[in-house]
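There are 2 protein chains.
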Amino acid sequence: MMCQLFPYAEHVTRWLEPEQQRAWRAYVRMQGELNAHLSRQMSVDSEISMADFAVLVQLTDTVDGRVRVLELARLLHWEKSRISHHVARMEKRGLVRRENCGSDGRGSFVVLTDVGRTAIEEAAPSHAEIVRTLVFDQLSDTEVEALREISEKVFTRLTTGECASVIARCDADDPMEVVSEESGCPEA
Amino acid sequence: MMCQLFPYAEHVTRWLEPEQQRAWRAYVRMQGELNAHLSRQMSVDSEISMADFAVLVQLTDTVDGRVRVLELARLLHWEKSRISHHVARMEKRGLVRRENCGSDGRGSFVVLTDVGRTAIEEAAPSHAEIVRTLVFDQLSDTEVEALREISEKVFTRLTTGECASVIARCDADDPMEVVSEESGCPEA
DNA sequence: TCGATTCGGTTGATGTGTCATCCACCCTGC
DNA sequence: GCAGGGTGGATGACACATCAACCGAATCGA
């Protein structure tokens, strides 16, 4: 599972300044490799994928481990059909189960199972360790701050104005500040 | 076509400093959205995908528009089965064709067709424009430089030592400096 | 209260990436 | 010249993402 952008030649870079071109090529290669590496690592030393992990994280973030399907899609910025398919596969493996919603006959909940909880608890530590050694151990405090600012600027551009044309985003909450309450870390 | 990492909760971030946590979350969301946006844009205003684009770029970068299959995989950092499948699909759509290699009975070339050349020439300008407006118009010169340095550091970490365990990379060329000769931009 | 919309969610088709396996050909040692 | 292993590449099975179409429940306007 992968989606990579790739090395760019004159076709693209003619419209970028040389310095921008080098930055873009470096970024593109880095994020491709990093995604690939994290995915591979995750599926090697645990039985779940990055996508499973993302779903499980959201479920464990709620008090009772149950979230409505489309709420899940909104939290993850996924399309509803994607979440539906994915939950179906996870259900087949016992990581989650679906329950009907009493108050709304159309709706259903995705509920974390014990198997799912165990899976994420086993996967999380090594994933965090990998992120730290691959990324943050390489960067100075200044660079970490720069990474955040750059990411926020681009993300803001992506989610404002005519760019924000994707389905699941129309009613999304405050884009940058969705830190869980119990994470013990400040919200700002 | 997508591969996204997603919002992280305490599970992951417990092992990261608060400042690192914020940077990581911001980065993860940004690159997910950016990938999605670029892919969507590419497939909307041209008939090719980002992956097609990457292949076509490599082909147009050579003098005669023909590259050996595994050489292509090495240039793109793709697995050989991925390039094989992808070339097969592109061949079906007429973007490339395969030719036998005379000097090595096992090998084959991937050759750019006129259709393929037209496709990339139509796709490139708007893609470059999008990258510029979404990314570089948001960043100062200092930030562009920071982005490049951060990306290079992480990429270097990813491709050295025990991380570089992937098939297609074992004999890869100098990781960061594969700028095409005719791009008109300095190699360093 | 009844029809039209909207909303929550599923389904199936299609394109894509990965893994394991396989085959044909090359090369080297003998 | 031929047996062994290595290499270039293809294939099939599976997981995954997207799109369009669909369905039934909710809701809203008349």
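As they're listed, the protein sequences go chains A and B.
Quick note on my numbering: the first sequence kicks off at 1403 and runs consecutively.
Quick note on my numbering: the second sequence kicks off at 1403 and runs consecutively.
Glycine is no exception: its CB is placed at the ideal position from the N, C-alpha and C atoms.
Values in this document were obtained by computation on a predicted structure and should not be read as measured data.
Cα separation between Val1498/A and Ala1525/A?
16 Å
For Asp1466/B, count neighbouring C-beta atoms within 10 Å of its own C-beta (all shown protein chains included) and say buried if the count is 16 or more, exposed if not.
exposed
State the Cα-Cα distance for the pair Gly1509/A and Ser1483/A, rounded to the nearest angstrom.
14 Å
Threshold first: 3 residues or longer. Then list the beta strand (DSSP E) segments lying entirely within the stretch 1410–1491 of chain B, N to C.
1468–1470
C-alpha distance - Gln1443/B paired with His1529/B, whole-angstrom precision:
8 Å
So, does the CB of Ile1569/A fall closer than 7 Å to a CB anywhere in chain B?
Caution is warranted here: a pLDDT of 38 is assigned to Ile1569/A, below 50, making its placement in the model unreliable, and no coordinate value can be reported.
Among the residues of its own chain, which have a CB less than 6 Å from the CB of Gly1518/A, if the five just before and after it don't count?
Leu1458, Leu1497, Val1498
In the DSSP assignment, the beta strand (DSSP E) including Phe1511/B goes from what residue to what residue?
1510–1514
Can you tell me whether DSSP reads Val1498/B as helix, strand or coil?
strand
Compare the beta carbon distance of Arg1550/A and Arg1424/B with 7 Å and say whether it is the shorter of the two.
yes
Let me make sure I understand the geometry here. Which of Arg1534/A, Arg1491/A, Asp1539/A, Val1556/A has the alpha-carbon closest to that of Ile1450/A?
Arg1491/A
In whole angstroms, what is the alpha-carbon distance linking Asp1447/B and Phe1455/B?
13 Å
Straight-line CA distance for Trp1417/B to Glu1531/A?
7 Å
Let's test the definition: count the other Cβ atoms within 10 Å of the Cβ of His1487/A and tell me whether it reaches 16, buried, or not, exposed.
exposed
In the DSSP assignment, find the unbroken alpha helix (DSSP H) run with Phe1557/B in it and report its ends.
1543–1560
Determine the chain A residues that contact Val1469/B at a beta-carbon separation under 9 Å, and present them in chain order.
Simply none; closest approach about 13 Å.
From the beta carbon of Glu1481/B, is the nearest beta carbon of chain A less than 7 Å away?
no
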